[in-house]
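Numbering (my numbering), first residue to last: 181 to 575.
First the structure, in the form of structure tokens, and then the observations on it.
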């Protein structure tokens with residue numbers, strides 16, 4: 181009977197005009213998702229060795245794909261656990277989250293990656309916001325110091341990947357997501373220089389990364405000596421001039437976060453422009469789960485990217501906090517549709533399946549032949565974050 185009620189509730193959620201209507205049904209959907217997430221992650225935790233982090237799942241081999249703690253996704257699993265624990269108060273999830281923080285903490289001194297925001301703020305940041313343990317704050321501060329070493333004054337940006345035969349000094353749009361770590365530390369008693377670095381990086385990205393239609397390139401390769409852009413490419417998208425879906429979501433989220441911390445209207449304007457590009461794109465499906473690239477040639481027979489949708493939903497819910505009128509309603513409405521879509525059997529796994537991951541149908545790196553139409557740890561993370569934000573701000 182409970183399953184039937186939830187199915188009926190979802191039908192009502194899908195009706196036009198729900199955004200102005202029954203929030204009780206949305207609350208029911210979110211609560212159901214959190215209970216489901218607790219069940220699923222107890223499955224997932226049994227499939228992951230104690231010295232590793234879950235990354236994806238190979239259905240053919242019935243095997244969870246894991247990574248070491250140096251992998252850029254290593255913070256999403258503990259971060260997701262903390263958010264689910266906060267919603268359910270399940271002590272088993274808290275214990276698992278704490279054990280994963282133990283193996284991740286050493287990465288706070290890792291100066292070989294720009295992804296310390298993903299790795300250390302999504303994990304220890306959530307842990308600190310829930311527990312207020314000073315030792316977690318210390319880890320976050322140390323990670324910000326490590327990230328700041330990758331700032332390159334000549335280009336006024338944080339270098340993403342290390343130089344290679346393919347790139348001199350690459351800066352990727354994803355890097356906007358790591359600025360939250362720097363800003364948070366400055367605003368919580370840390371070095372003021374971190375805010376300066378974040379602002380300079382955001383300004384350089386705003387200046388160089390975007391096309392006339394407000395879509396973004398994935399990678400800008402800089403010449404460190406001259407400080408100029410050597411070339412603009414879209415490494416994980418269909419082509420250099422295409423709009424890789426997750427890249428657009430990273431930009432939307434990153435500039436929204438930068439507005440939160442700085443109140444610089446230029447960042448808010450850019451976030452609104454990116455939102456308009458995404459939400460009004462003719463290739464965005466009715467369920468608002470984008471194809472892996474907005475310009476992929478085989479649409480509608482291209483893989484979707486649930487991770488891009490989840491990131492977009494979470495970002496829109498925050499951006500709506502700074503919007504008014506029709507714009508605000510549109511952001512909330514689209515976020516609701518994404519949450520509803522991801523909560524349906526089209527994208528949400530059945531209990532006990534999918535290796536324990538929550539969502540199906542994400543795309544990591546299609547041109548590279550990697551992680552195509554699979555669950556991904558960061559899709560789960562931003563889905564749970566979107567649910568958490570909706571319940572906090574709109575119920």
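Using N, Cα and C, we set each Cβ at its ideal position, and we do this for glycine too.
Cα separation between residue 287 and residue 317?
Cα-Cα distance, rounded: 14 Å.
My assumption, with CB atoms under 8 Å, is that residue 218 sits in contact with residue 268. Please give the rounded CB distance.
The Cβ separation is near 5 Å, so the contact holds.
Pairs of beta-carbons, one from the segment 364-374 and one from the segment 428-435, closer than 8 Å: are there three or more?
Touching, no.
Taking Cβ positions, are residue 417 and residue 223 nearer each other than 8 Å?
No, the Cβ-Cβ distance between residue 417 and residue 223 is not below 8 Å.
Using DSSP's beta-bridge definition, name the partner residues of residue 264.
Note: residue 264 sits in no beta bridge, so no partner.
Taking just the CA atoms, how far does residue 262 sit from residue 571?
If I take the Cα positions, the gap works out to 16 Å.
Would residue 303 pass as a contact of residue 327 if the rule is Cβ separation under 8 Å?
No. Outside cutoff.
Using only the alpha-carbon positions, how far apart do residue 400 and residue 272 sit?
Their Cα atoms are separated by approximately 43 Å.
Assuming residue 427 and residue 353 are in contact, meaning their beta carbons sit under 8 Å apart, how far apart are those beta carbons, in whole angstroms?
Confirmed, about 5 Å.
Could you spell out where the beta strand (DSSP E) holding residue 233 opens and where it closes?
Counting along the chain, the beta strand (DSSP E) containing residue 233 begins and ends at 233-238.
Please state the DSSP three-state secondary structure of residue 464.
Note: residue 464 maps to coil in three-state DSSP.
Residues in its own chain within less than 6 Å of residue 491 by CB, not counting five upstream and five downstream?
If we look at residue 491 and ignore the five residues flanking it on each side, its Cβ neighbours are 429, 433 and 562.
Of the choices 514, 479, 256 and 396, whose alpha-carbon is the least far from that of residue 412?
The candidate whose alpha carbon is nearest that of residue 412 is 396.
My understanding is that residue 568 touches residue 499, with C-beta atoms under 8 Å, so please give their C-beta distance in whole angstroms.
About 16 Å separates the two Cβ atoms, so there is no contact after all.
First and last residue of the beta strand (DSSP E) that includes residue 544?
Counting along the chain, the beta strand (DSSP E) containing residue 544 begins and ends at 542-545.
Classify residue 530: buried if its beta carbon has 16 or more other beta carbons within 10 angstroms, exposed otherwise.
By the 10 Å Cβ count, residue 530 comes out exposed.
List the residues that DSSP assigns as beta-bridge partners of residue 332.
For residue 332, which the question treats as bridged, DSSP gives the partners 337.
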